[in-house]
Each structure stands twice: as C-alpha cells, then as structure tokens.
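Student: Chains as they are written, first to last, in the numbering used here: chain E, 989 to 1103; chain Y, 4 to 113. The C-beta atom is built at its ideal place from N, Cα and C for all residues, glycine as well. Since this is a predicted model, take the numbers as computed values, not measurements. To start, I am sharing the structure in question, which I have written as structure tokens.
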C-alpha cells in the first residue's frame, strides 16, 4: 500500500532562519499533497497543499515543491518565528470522482524555533 | 472552528468496555474519515465512509467498527478496549478540494 516517509523527525532552528521538511511517497497515483500543522492538544490544520499538476506553490512565508518524477515533495518555511513551533505532517492521497481518497501521513516533524 | 465537530473531547474508561465516538462533518462534505493518533504511530488511517457507504479500510482492528448515518454524521465504536487503545481519535471530512479535521477525542483506557 501507499507509504509516506518524512524527514527529519525533529528540527531546531533559530528565529529568522529557514526550515525545510522533506517527504517521499510510494503510490504513483497520488495526486494531492497537503501539509498540516498540529499544535499541542489540537487537530491537524491545513497550512498549504499542492496538486500533481503544479510544481510549486507559495503562500507568504510557506512554500511547497513537488517533484512527481522523484515522488518527492518538500515544505519550506522562511523567516521562522517562535509561533511556527509545532509538529508538521505531510500527507498524500488519490482523488477523483467527487471523493478524495484517504490521506496517508508521514510520521511528523517536530519543529522548534528558538528566539 | 474547522466545521468538523467531535464529541466527546475526553473519555476515560476501563479495559474491556465499549465506547462510541461521534463526528459531524463540515457542512456539505460527503466523506468522513477516522484516524488514530498515538505517540509512536503518528496518524493512522482507520476507515472512510462516503455518503453512507464504506469506501476504504485501513489498519482498523476487528474490535472497532464505524458507520455513517443518513444525516452524514459518523460514529466510531470501540469495544473490548485494551490499554493500547489509548490514543487521540480524529475525524476528518472532505470535499473535492480539501480535508478538514476535528479537534479529536482523547481516549484513555485504564
């Protein structure tokens, strides 16, 4: 079945630096790749997503890149702030027919941003 | 507020017992998914329903079952509970654009 691997498992950066989290997926039919931020005691919140017909997407300090050939996608956070500290999850799914397939998640990256 | 409502927020129960977790999806969403999150396993997909019918199954134990009702709310039933079932259980719903998650039910089995 589909497998999503995420690296690193922990990441510590200084405020203002950039952070990069990488994921690889196994199912070549996957076409939707969201990233979620989870704060303690809360549910995962979508921060950015990308579909397979796009190579890069940016939203203010957050960007995601997708390489379908390599089955690889990455999250880039620039100018990190202490409030970016959280656990970040990548995921992959197949969509179509009006119904999204189930999301398969990576194991998460705990990001710590030091003031 | 994500639009997905889960109840209860917390549940403490004894081993061997049965519990029911409830989820109301975001308005208009036909798909509901259940995920289990434990410390060492990340977010594990359990089961998906689409408009009342089971669509996909993940790593769901035989002691667990779910259903989606005509009003699209869903229930996850966990029986013969074991200590290892202690976890956060999340419900998500989706439309063709994206998924949204509820805030979860924290289950503690003692």
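(1) Which partner residues of residue 1041/E appear in the DSSP bridge assignment?
(2) For residue 19/Y, count neighbouring C-beta atoms within 10 Å of its own C-beta (all shown protein chains included) and say buried if the count is 16 or more, exposed if not.
(3) Determine whether the Cβ of residue 106/Y lies closer than 8 Å to any Cβ atom of chain E.
(4) According to DSSP, is residue 1071/E part of a helix, a strand, or is it coil?
(5) Along chain E, in chain order, which residues have C-beta atoms closer than 7 Å to that of residue 51/Y?
(6) Who pairs with residue 1047/E in a beta bridge, going by DSSP?
(7) Compare the C-alpha of residue 58/Y against each of 67/Y, 75/Y, 35/Y, 8/Y and name the closest.
(8) Measure the Cβ-Cβ separation of residue 1079/E and residue 1022/E and say whether it is below 8 Å.
(9) Tell me, to the nearest whole angstrom, how far the beta carbon of residue 49/Y is from that of residue 108/Y; I am working on the premise that it is less than 8 Å.
(10) If you measure beta-carbon to beta-carbon, which residues of the stretch 1022 to 1043 of chain E are closer than 9 Å to chain Y?
(11) I need the DSSP call for residue 79/Y, collapsed to helix, strand or coil.
(12) Could you work out which residues of chain E lie near residue 116/Y, taking near to mean beta carbons separated by less than 8 Å?
(13) Could you spell out where the beta strand (DSSP E) holding residue 71/Y opens and where it closes?
(14) For residue 45/Y versus residue 1096/E, is the C-beta spacing smaller than 8 Å?
(15) Pick from 1036/E, 1019/E, 1041/E, 1053/E: whose alpha carbon is nearest that of residue 1047/E?
(16) Where do the N-terminal and C-terminal ends of the beta strand (DSSP E) with residue 59/Y fall, by residue?
Tutor: Working from what's here:
(1) Residue 1041/E pairs with nothing; no bridge assigned.
(2) exposed
(3) yes
(4) helix
(5) 1090
(6) 1050/E
(7) 35/Y
(8) yes
(9) Actually they do not touch by this definition, with Cβ atoms about 13 Å apart.
(10) 1022, 1024, 1026, 1029, 1030, 1031, 1032, 1033, 1034, 1037
(11) strand
(12) Summary: the structure shown does not reach residue 116/Y, with chain Y confined to residues 4 through 113, and so no result is reported for it.
(13) 67 to 71
(14) yes
(15) 1036/E
(16) 56 to 60
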